[in-house]
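To start, the structure itself, in C-alpha cells.
Numbering (the working numbering), first residue to last: 971 to 1097.
Structure below.
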C-alpha cells in the first residue's frame, strides 16, 4: 500500500477509534505523539464526553493528511468557565496532521469558535 493511502487509512482508523467513546490517555497515545493534541482531546472530552467525529473529506500529500470533518457532542462539563448547558452541539472543522512512524506528531486546526459559542447560547447570533 502506498504511503498516501496508508496515512489516510491511519487517520480514518484514528477517527473511528476515538469517536463516540471515552478517550482515555492510553487510547489517545496509540495514535498521537503530539502533546498539544493530546491535551486538546482531553480538554474537549471533559466538556463533551464521548463526542463524535465524522469525516467529510480527506486529502493526503507526503506525510500529511488534511481532514474536513464535523464533531458532535453534548455539553456536559465546564468549558473555559462556561457551565454545562446540556445542549447538543455540531461543528465543522478542518484539521491537518503530520504523521511519522505510525503516530500523529503535529497538527493544526481551523474551527468556527463563534459558532460553538452561539450553539451553547453564550453569544447571540447576528441579526
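Note that CB positions come from ideal geometry on N, CA and C, so glycine has one too.
> For residue 1043, which three-state DSSP category applies?
Replying inline: Collapsing the DSSP output to three states places residue 1043 in a strand.
> For residue 1047, which option in 982, 975, 1090 and 987 has the closest C-alpha, if you only look at C-alpha atoms?
Replying inline: Here the closest residue by C-alpha is 1090.
>> Going by DSSP in three states, residue 1060 sits in which element: helix, strand or coil?
In response: Residue state, collapsed to three classes: strand.
> Hey, quick one: how far does the alpha helix (DSSP H) through residue 987 stretch, first residue to last?
Replying inline: Taken as a continuous stretch (DSSP letters only), the alpha helix (DSSP H) holding residue 987 covers 973 to 988.
>> Measuring alpha carbon to alpha carbon, tell me which residue in 1039, 1018, 1005 and 1071 is nearest residue 1052.
In response: A check of alpha carbon separations from residue 1052 across 1039, 1018, 1005 and 1071 identifies 1018 as the nearest.
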